[in-house]
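Residue numbers (the working numbering): 989 to 1129.
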């Protein structure tokens, strides 16, 4: 959608000659899911890392009266990627709930031993593709 803007210095009226008209077309980012928040992880007694997060939304998502915000997509889905120390993806998964368990066996295959921290990138999936990613380093030990 094209938007028409009048751009100029502060302190002048928008009808002033210092202002110019500028037409800009927006992208699809405003229609993609927002990045998840409150990413956390906890290592259990078996050595599995339980990772969880909270989704955000654009529609009716600012009420303090409800525990869950409305789902702004047709389905709830997330892509989670575990990153190596060099920044590449060592493991990825798609889940339908805001949590994922990184099994001890998977951690061993990916890192050899349990590292001090594990970095994950999480995006909510929407009708137009993956939303804005959130990245967090989770302290493991």
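For every residue, glycine included, the Cβ atom is placed at its ideal position computed from N, Cα and C.
This one's a predicted model, so the numbers in the text were calculated from it and none came from an experiment.
When the alpha-carbon of residue 1103 is set against those of 1109, 1111 and 1094, the nearest one is in 1094. Judged by pairs of C-beta atoms under 8 Å, the stretch 1046 to 1053 does not touch the stretch 1086 to 1093, as fewer than three such pairs exist. Assignment of residue 1093 by DSSP, reduced to helix, strand and coil, places it in the helix class. Sorting 1064, 1098, 1010 and 1063 by C-alpha distance to the C-alpha of residue 1080 places 1098 at the top.
Sixteen is the threshold: when 16 or more other Cβ atoms of the shown chains lie within 10 Å of the Cβ of residue 1119, as they do, the residue is buried. Residue nearest to residue 1063 within the set 1019, 1023, 1069 and 1113 is 1113 (criterion: CA-CA distance). Closest in alpha carbon position to residue 1085, among 1067, 1006 and 1108, is 1067.
One thing to note: residue 1025 has its Cβ no nearer than 7 Å to the Cβ of residue 1070.
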